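Enquirer: I have a structure here, written as structure tokens, and I will follow up with some questions on it.
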Amino acid sequence: MPSSLFSAFHLLAQVEIRDPNDPSTSCVAENKPFCFSWAADNFDRYTTPLVEHLVLVVVSVVLGFLIAFAMAVVSHRRGWLVPTFTGATGVLYTIPSLAFFILLLPITGRGTDTAVIALTAYTLQIIYRNIVAGLANVPEASKDAGLGMGMSGRQLLWQVELPLAVPEIVAGLRIATVSTVAIASLAVFAGAGGLGDPIYSQLTFKTNIVIAGGLMVLMAVTFELLLLILQALLTPWLRARGADESGRGHFADLFRRTAT
Amino acid sequence: VSSLPLGIAVLDSFGDACDFILNPQTSRFSTDKVGGPDQAFDLTVTHLKVTFLALGAALLIALPIGLVLGHYRKGEMLAISAGNAWRAVPELALIAFFLAFVGTGLLNLTIALLVLGVPPILTNSYVGVRQVDRAAVEGARGMGMTDAEIITKIELPLAVPTIMSGVRTAGINIIATATIGPLVGVLTLGDFILSRNVYGDEGVLAGAILVALLAVLLELGLAGVQRLLTPRGLKLARETAAA
Chain G
1 MPSSLFSAFH LLAQVEIRDP NDPSTSCVAE NKPFCFSWAA DNFDRYTTPL
51 VEHLVLVVVS VVLGFLIAFA MAVVSHRRGW LVPTFTGATG VLYTIPSLAF
101 FILLLPITGR GTDTAVIALT AYTLQIIYRN IVAGLANVPE ASKDAGLGMG
151 MSGRQLLWQV ELPLAVPEIV AGLRIATVST VAIASLAVFA GAGGLGDPIY
201 SQLTFKTNIV IAGGLMVLMA VTFELLLLIL QALLTPWLRA RGADESGRGH
251 FADLFRRTAT
Chain D
1 VSSLPLGIAV LDSFGDACDF ILNPQTSRFS TDKVGGPDQA FDLTVTHLKV
51 TFLALGAALL IALPIGLVLG HYRKGEMLAI SAGNAWRAVP ELALIAFFLA
101 FVGTGLLNLT IALLVLGVPP ILTNSYVGVR QVDRAAVEGA RGMGMTDAEI
151 ITKIELPLAV PTIMSGVRTA GINIIATATI GPLVGVLTLG DFILSRNVYG
201 DEGVLAGAIL VALLAVLLEL GLAGVQRLLT PRGLKLARET AAA
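If you read the protein sequences in the order shown, they are chains G and D.
Residue 92 in the working numbering sits at position 92 of the first sequence, with consecutive numbering throughout.
Residue 146 in the working numbering sits at position 146 of the second sequence, with consecutive numbering throughout.
Encoded structure:
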């Protein structure tokens, strides 16, 4: 049996000894599904893990986006690079996250760096694939119009193709962010804390699991909503076309994202 | 730990890990022998067993639902949102939830891993069937095939590539998450990683190496299965399109 189980029981026992008459501790001692008063009294112990988790996710997704974006720009006019990049990021994605963290430990040591490297590596495939798909879906007519206006290849990319690819790019960012929130639960094994830390240190304590797991789901939902708003802000022309069509566009997006 | 240059220290660690896999060591906290090919093999077998149990069960549940929903073009929201929502499930929280609320053992771990396997297979079989050429389906109907025949003889074979990519995603996630199986009492390869006090740093690293290898092998194996199952007509069509 893993030692963490013992430490969880040990901690529960301590709580009970401290004040057996307090109703909140008896709830904890019985390990009921959720102890409100314990949660209210002890919520501050989740602040640090929450902030750590947030930092891990934001740093990894931003780094992953920058790298994937650079890869997409490089491979855009060099089609033969696309399978190479897709394959390389795919191999990274295949390695289980826990193993990835551990494999990095001898090289980068325990800590946030290690977790960020692994989490960044995981975001690459999703973001890269979506940017490439977005660029591929730009209508030929729009590109012709840009060329007809005398745009250079670079102008065409930055002023026509990338703006039109925003829905797919943001869709990729959304999936990458939501997955990173989930995978970062294992960053505790890289010594990088996060919300996996309270879970792993008290694995059998139900209230703890509900709070830490709930915070992760809440974080994922919040990111999803923020990125949807960002997408709407970046694509004013979709809104102008009316709710019906943008709704359809959004759905077509979902299809493209899931049919791999 | 040591004053060795980083490169040498890294090689040293990985060398120790390989040694741990090849030769049983004396545990630091008891006189027991740990590691070595026998134990690595046992843990690998358990790891694969729980992976295939969960993947097979996920396939049995998700494939029929996805095929039928896709054939009748119903439940689009369910099929698609399932495919996105599962990415938000934190592995550690999922396993901890099963440990705290449901219980330990092989069955419980299998059910927990199912949760990760069902959504990608469901979504991809739905999308795969929806993408089948309508002309092929209408042709089959014109030949007098029933709905059940159309699903099994026309739509399922033509949707194989998409379905298998869902199975591969499910497989990767299940085999990755099976690593924390020891938390619910199933000794998978993750035991090397999670029980550092028994196996030491070299055991932890050895576990990570084996898990990574196993995942890559599973991915390659499933890619091979996909190639075998893809109808020859689809391959030919693709080659013609590429040429």
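Ideal placement from N, C-alpha and C gives every residue a C-beta, glycine not left out.
Since we're looking at a predicted model, the values are computed, not measured.
1. To the nearest angstrom, how far is the alpha carbon of residue 45 of chain D from that of residue 188 of chain D?
2. What whole-angstrom Cβ distance do residue 231 of chain D and residue 158 of chain D have, given they're in contact under 8 Å?
3. Could you check which residue in G/226, G/145, G/189 and G/200 has the C-alpha nearest to that of residue 205 of chain D?
4. Provide the residue span of the alpha helix (DSSP H) that contains residue 206 of chain G, from first to last.
5. Does DSSP put residue 88 of chain G in a helix, in a strand, or in coil?
6. If you reduce the DSSP assignment to three classes, tell me which class residue 34 of chain D lands in.
7. Please list, in chain order, all residues of the same chain as residue 86 of chain D whose beta carbon is under 6 Å from its beta carbon, the five residues on each side excluded.
8. Using a C-beta to C-beta distance shorter than 7 Å, which residues of chain G count as neighbours of residue 87 of chain D?
9. From residue 224 of chain G to residue 121 of chain G, what does the alpha carbon distance come to, in whole angstroms?
10. For residue 80 of chain G, count the other beta carbons within 10 Å of its own beta carbon; 16 or more makes it buried, fewer makes it exposed. Which is it?
11. Examine chain G for any beta-carbon lying closer than 9 Å to the beta-carbon of residue 183 of chain D, and answer yes or no.
12. Compare the Cα-Cα distances from residue 179 of chain D to each of D/140, D/211 and D/7 and report the closest residue.
13. Let me check one thing: in DSSP terms, what residues is residue 25 of chain D bridge-paired to?
14. Closest by CA to residue 78 of chain D, which one among D/90, D/217, D/113 and D/65?
15. Leaving out five residues before and five after residue 151 of chain D in sequence, what residues of the same chain have Cβ atoms less than 8 Å from its Cβ?
16. Hey, would you say residue 218 of chain D sits closer than 9 Å to residue 166 of chain D, going by beta carbons?
17. Quick one: what does DSSP say residue 165 of chain G is sitting in, helix, strand or coil?
18. Going along chain D in order, which residues have a C-beta closer than 8 Å to the C-beta of residue 97 of chain G?
19. With a CB to CB cut of under 8 Å and the five nearest residues on each side skipped, what residues in its chain are close to residue 151 of chain G?
20. For residue 69 of chain G, which of G/57, G/97 and G/173 has the nearest alpha-carbon?
21. How many Å lie between residue 61 of chain G and residue 133 of chain G at the Cα?
22. Please name the residue, chosen from D/41, D/59, D/26 and D/24, that lies closest to residue 164 of chain D on a Cα-to-Cα basis.
23. Which class does residue 137 of chain G belong to by DSSP, given the choice of helix, strand or coil?
24. Quick one: does residue 51 of chain G have its CB under 9 Å from some CB of chain D?
25. What are the uninterrupted segments assigned as alpha helix (DSSP H) that are 4 or more residues long and contained completely in the region 109-140 of chain D, given in chain order?
26. Could you name the residues of the region 210-225 of chain D whose beta carbon sits closer than 8 Å to any beta carbon of chain G, in the order they occur along the chain?
27. Between residue 191 of chain G and chain D, is any beta-carbon pair separated by less than 9 Å?
28. Does residue 37 of chain G come out as helix, strand or coil in the three-state DSSP assignment?
29. Does residue 114 of chain D get closer than 9 Å to chain G when you measure Cβ to Cβ?
30. Got a sec: is the Cβ-Cβ distance from residue 251 of chain G to anything in chain D below 9 Å?
31. Indicate whether at least one CB of chain G lies closer than 9 Å to the CB of residue 84 of chain D.
32. Start and end of the alpha helix (DSSP H) containing residue 88 of chain D?
33. Could you list which residues in chain G have their beta carbon closer than 8 Å to that of residue 9 of chain D, in chain order?
Expert: Let's see:
1. 8 Å
2. 7 Å
3. G/189
4. 206-234
5. helix
6. strand
7. 119
8. 175, 178, 179 and 182
9. 20 Å
10. exposed
11. yes
12. D/211
13. D/34
14. D/65
15. 67, 68, 71 and 129
16. no
17. coil
18. 91 and 176
19. 159 and 160
20. G/173
21. 19 Å
22. D/59
23. coil
24. no
25. none
26. 211, 212, 215, 216 and 219
27. no
28. helix
29. no
30. Only weak support is given to the placement of residue 251 of chain G: the predicted model assigns it a pLDDT of 45, under 50, and the value that follows is read from those uncertain coordinates. True, the Cβ-Cβ gap to chain D drops below 9 Å.
31. yes
32. Where residue 88 of chain D is concerned, there is no enclosing alpha helix (DSSP H), given that its DSSP letter is neither H nor E.
33. 106
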